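Q:
Residue numbers (UniProt numbering): 1 to 329.
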């Protein structure tokens, strides 16, 4: 697929940073501090609070002047909708506010001072862009930017190096830094909140890549601020997980299957192999990262509940959006 240049040069004021946070006001403080030090700044910062019980609301209020001239739009959810629900709501708010570009991120990163300028450099050429991140220790974080479509899983050792072009084609996505144009959001709709956590960003990035040339660019724009237990495998790391993640990793395979069927790319045998490989990877994560064998019941429970989703004849994918009228800047 060839990329189509945007109609106009990038204007930072048309961009919105959409953040999802939950009970991590200390990490949110670091992120908002980094946004305050950015040059240029975005026009808006949308903060989706997944029903936090800490001082998140007070922290947000304390930063309104520090991030000026960017406007802060704060939304507190009534319940914790997971990362999937938070990013869906953040995308909805940013889109309805008329944002041309939406930059998604969790609360456990900070933005480099020239991060938006670096992303904006690519905005006239592409409409779905992923930048690079530094890990907690300052090393380059490797993200699996290619999906083996028939299997429905990431390719773990896709080449990490960039050539002189400075970008590589991707067919996936990561909500820790996805930079996407409103035209693509309108066509594919909002991120699917039904995932709750896991696979949601991969699916959304894959959907975007079917509408436009999606790329990862050789620009470091974010830094992770939370240390996670890892197994260093050389080219990449395998992070520690949790019982909740293990459950949703397996359950949400059913949602991927649903989207694949809807779009006519589902192939039963390769997809089943992808599910088996995912199950095996989670067992390896338990043994080599978390040094335990407890937690396997959550994998089986996820598979069981996924079968119920797969049989749901009423299921529909997220719909395209109506064009929203731009309000303000």
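All C-beta atoms, glycine included, are put in the ideal place defined by N, C-alpha and C.
Here the structure is a predicted model, which means the values were calculated and not measured.
1) I'd like to know if residue 179 contacts chain B, where contact means its C-beta is closer than 8 Å to some C-beta of that chain.
2) Residues in its own chain within less than 6 Å of residue 267 by CB, not counting five upstream and five downstream?
3) Using the Cβ count rule (16 or more neighbours within 10 Å means buried), how would you classify residue 124?
4) Is it true that the stretch 41-49 meets the stretch 91-99, where meeting means three or more beta-carbon pairs spaced less than 8 Å apart?
5) What residue range is occupied by the uninterrupted alpha helix (DSSP H) comprising residue 94?
6) Please tell me whether residue 103 and residue 16 are closer than 8 Å, where the distance is taken between their beta carbons.
7) Nearest-angstrom Cα distance between residue 161 and residue 87?
8) Secondary structure at residue 267, three-state DSSP: helix, strand or coil?
9) Leaving out five residues on either side along the sequence, give the residues of the same chain with a beta carbon under 7 Å from the beta carbon of residue 259.
10) Counting Cβ pairs, one atom from each stretch, are 3 or more of them under 8 Å apart for the stretch 183-203 and the stretch 75-82?
11) Assign residue 105 to one of three DSSP states: helix, strand, or coil.
12) Identify, in the order they occur along the chain, each residue of the same chain with its Cβ nearer than 7 Å to the Cβ of residue 243, setting aside the five sequence neighbours on each side.
13) What's the gap between the Cα of residue 217 and the Cα of residue 132?
14) Give the single residue among 184, 169 and 213 whose Cα lies nearest to the Cα of residue 101.
15) By Cβ distance, which residues of its chain are closer than 6 Å to residue 89, with the 5 residues on each side in sequence left out?
16) Decide yes or no for the touch test of the stretch 113-130 against the stretch 54-70: beta carbon pairs closer than 8 Å, at least 3 of them.
17) Relative to the C-alpha of residue 148, which candidate in 181, 42, 265 and 128 has its C-alpha closest?
18) Which of the three DSSP states is assigned to residue 16 in this structure?
A: Reading from the atomic positions:
1) Within the model displayed, chain B is absent; a lone protein chain is all it includes.
2) The beta carbon of residue 267 lies closer than 6 Å to those of 150 in the same chain, with the five residues before and after it left out.
3) Around the beta carbon of residue 124, fewer than 16 other beta carbons sit within 10 angstroms, so the residue counts as exposed.
4) A contact between stretches requires three or more CB pairs, one per stretch, nearer than 8 Å, and the stretch 41-49 meets this requirement with the stretch 91-99.
5) Annotation: the continuous alpha helix (DSSP H) that includes residue 94 extends over 82-96.
6) Closer than 8 Å, so yes.
7) If you take the alpha carbons of residue 161 and residue 87, they lie about 29 Å apart.
8) In the three-state scheme derived from DSSP, where H, G and I count as helix and E and B as strand, residue 267 is classed as coil.
9) Leaving aside the five residues that flank residue 259 on each side, the residues in its chain whose CB is nearer than 7 Å to its CB run, in chain order, 203 and 317.
10) Contact check between the stretch 183-203 and the stretch 75-82: three or more CB pairs, one atom from each, fall below 8 Å, which counts as touching.
11) Three-state result, residue 105: strand.
12) By the criterion of a C-beta distance shorter than 7 Å, residue 243 is surrounded in its chain by 295 and 298, once the five residues flanking it on both sides are discounted.
13) Going by the C-alpha atoms only, they are around 7 Å apart.
14) Of the listed residues, the one whose Cα sits closest to residue 101 is 184.
15) Answer for residue 89: 48, listed in chain order.
16) Judged by Cβ distances under 8 Å, the stretch 113-130 makes no contact with the stretch 54-70, as fewer than three pairs qualify.
17) Put simply, of 181, 42, 265 and 128 the residue whose alpha carbon is nearest the alpha carbon of residue 148 is 265.
18) Strand at residue 16.
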